[in-house]
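Chemist: Residue numbers (this note's numbering): 1 to 293.
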Amino acid sequence: MSAEVAGVEKGSVGAVPDRVLPLVRRWTVSWLNGHDPAACEDLLAEDYRLRIGTFEVDRRDDYVEATVGQLAQFPGLVLTVHDVLTNGRQAAVHFTEHGVSLRHDGNAAAWTGVVLFDSDSDSDSDSDSDSDSGVRGNGAGGDRLTRAWAEEDYAARRRQLASGTPDPVGSPAVAPWDTPAEPADPTAESVVLAWLEAGLPAVEGVVWDDADLDDAGPALTAHGGEVDVVVSAGSRVAFHGRLAGAAADGSGGSAVMDVAGFVTVVDGKVASGVVVSDRLAARSALKKSRQAD
Numbered sequence: 001m002s003a004e005v006a007g008v009e010k011g012s013v014g015a016v017p018d019r020v021l022p023l024v025r026r027w028t029v030s031w032l033n034g035h036d037p038a039a040c041e042d043l044l045a046e047d048y049r050l051r052i053g054t055f056e057v058d059r060r061d062d063y064v065e066a067t068v069g070q071l072a073q074f075p076g077l078v079l080t081v082h083d084v085l086t087n088g089r090q091a092a093v094h095f096t097e098h099g100v101s102l103r104h105d106g107n108a109a110a111w112t113g114v115v116l117f118d119s120d121s122d123s124d125s126d127s128d129s130d131s132d133s134g135v136r137g138n139g140a141g142g143d144r145l146t147r148a149w150a151e152e153d154y155a156a157r158r159r160q161l162a163s164g165t166p167d168p169v170g171s172p173a174v175a176p177w178d179t180p181a182e183p184a185d186p187t188a189e190s191v192v193l194a195w196l197e198a199g200l201p202a203v204e205g206v207v208w209d210d211a212d213l214d215d216a217g218p219a220l221t222a223h224g225g226e227v228d229v230v231v232s233a234g235s236r237v238a239f240h241g242r243l244a245g246a247a248a249d250g251s252g253g254s255a256v257m258d259v260a261g262f263v264t265v266v267d268g269k270v271a272s273g274v275v276v277s278d279r280l281a282a283r284s285a286l287k288k289s290r291q292a293d
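(1) Which residue's Cα is closest to the Cα of E152: L116, D293, A198?
(2) Per DSSP, W27 is paired with what?
(3) For W31, which residues in the same chain have their Cβ closer than 7 angstroms to its Cβ, ignoring the five residues on either side in sequence?
(4) Just to confirm, is the Cβ distance from G261 to V274 under 8 angstroms?
(5) Does the stretch 106-113 come close enough to the stretch 166-174 that 3 or more CB-CB pairs lie under 8 angstroms?
(6) Should the stretch 173-191 be called in touch with the stretch 19-28, which here means at least 3 C-beta pairs below 8 angstroms?
(7) Applying the 10 Å Cβ sphere with the 16-neighbour rule, what's the burial state of Q90?
(8) Compare the C-beta of D105 against all C-beta atoms of chain C and say whether one is closer than 8 angstroms.
(9) Evaluate E97 with the Cβ neighbour count: other Cβ atoms within 10 Å of its Cβ, from every protein chain shown; 16 or more gives buried, anything less gives exposed.
(10) Kindly provide the ranges of any alpha helix (DSSP H) runs that are 4 or more residues long and lie completely inside the stretch 148-231, ordered along the chain.
(11) Skipping 5 residues on each side, what residues in its chain have a beta carbon closer than 7 angstroms to that of K10?
(12) In the DSSP output, which residue or residues are listed as bridge partners for E65?
(13) Per DSSP, which one or two residues make a beta bridge with E56?
(14) With a 10 Å radius around its C-beta and 16 neighbouring C-beta atoms as the bar for buried, classify R55 as buried or exposed.
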C-alpha cells in the first residue's frame with residue numbers, strides 16, 4: 001500500500017495526507033444536509049456501490065434516486081456527525097439522522113447510524129495494495145467516493161414515528177472536519193475482527209442501537225460473525241459485517257443480521273463505541289424461519 005497520497009486537500013490536519021475527509025465533508029454538508037443531488041455528480045463515482053442491510057446498489061444514480069425518496073419523506077432531514085475517523089484513504093462516520101416524516105402525520109424521529117467509505121485514487125499504489133474486494137477496502141485515497149457500507153437503526157425510527165415521541169439527538173462532534181488522519185493499525189483491526197467472528201459479545205462500553213433509550217433488546221443471540229470491510233485509524237476501528245444466530249427472546253428460528261460498528265481498542269480489547277444493527281430485517285427473517293420449521 002502506498003505510504004503517501006499526492007495532493008493534500010486544503011484543510012487537512014496532521015502528518016498523514018488526507019484526501020478522503022474532504023469528500024466525506026461534502027457528502028455530509030452539500031449532499032445530505034444540503035439536499036442537493038447535483039453535488040453527487042463529481043462527488044460519487046458513476047459505479048458508486050452501497051450496501052446497507054439487505055439493500056445494495058451498484059450505480060450512483062440508483063443510490064441518489066433512493067436517497068431523494070427519503071429526503072422527500074423527511075424534507076427537513078438533518079445529519080448530525082458524532083464522530084469521524086480517517087486514515088487518509090478510507091473514513092468512517094458515526095451519525096444521527098433526524099427530521100419530521102410527512103408520511104407519519106408530522107411525527108419526528110432521530111436514528112443513529114455508522115457508514116464506512118472507500119475512494120478512488122489518481123496516485124500510484126504499491127504492488128501489495130489490497131484489492132477492492134479485500135476487507136480493508138481498496139487502500140487508496142482519491143477524488144471521488146466509490147463505495148460505502150452502512151447501517152441505520154430503522155427499528156428505532158419506526159418506534160418513534162409510531163409513538164410520536166422522538167429520541168434526543170446526541171452531542172455533535174466539535175470539529176469533525178479537522179479530525180487528523182492516523183495510519184491504519186492492523187493490530188487494532190485484528191482485535192475487532194476476532195470480536196466480530198466471536199459474535200460481538202457484550203462489552204460494557206459499547207452501546208447497541210438505541211439501548212440507552214429503549215429496552216427492546218437485540219434481535220439475535222449470535223454464535224458467530226463475518227466481516228465485509230474494516231477501516232482503522234490508530235486505535236479506532238470501524239467495520240461492517242453480519243452476525244448469525246437465534247432469536248434473542250427464545251421464540252425460535254435463526255437468521256443473519258447485518259451490523260456496523262465504530263469502536264476504540266485499548267490494551268488489546270474493544271473498550272467503547274457503538275454498534276448499529278439491521279434489527280428490522282433480522283426479525284422478519286426470524287419470523288420466516290419459524291414459519292418454515
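Every residue gets a Cβ at the ideal spot worked out from N, C-alpha and C, and that includes glycine. Keep in mind it's a predicted model, so treat the numbers as computed, not measured.
Modeler: Quick look at the numbers:
(1) L116
(2) Its beta-bridge partners do not exist; DSSP assigns none.
(3) A39, C40, L43
(4) yes
(5) yes
(6) yes
(7) buried
(8) Absent from the structure: chain C. Only one protein chain is present.
(9) buried
(10) 154-163, 186-197
(11) For K10, the pLDDT reaches just 36, beneath the cut-off of 50, and the residue's location in the model is therefore unreliable, leaving the point undetermined.
(12) E65 is not bridged to any residue.
(13) R51
(14) The question names Arg, but residue 55 is Phe in the sequence shown. Looking at its Cβ environment, which holds fewer than 16 other Cβ atoms inside 10 Å, F55 is exposed.
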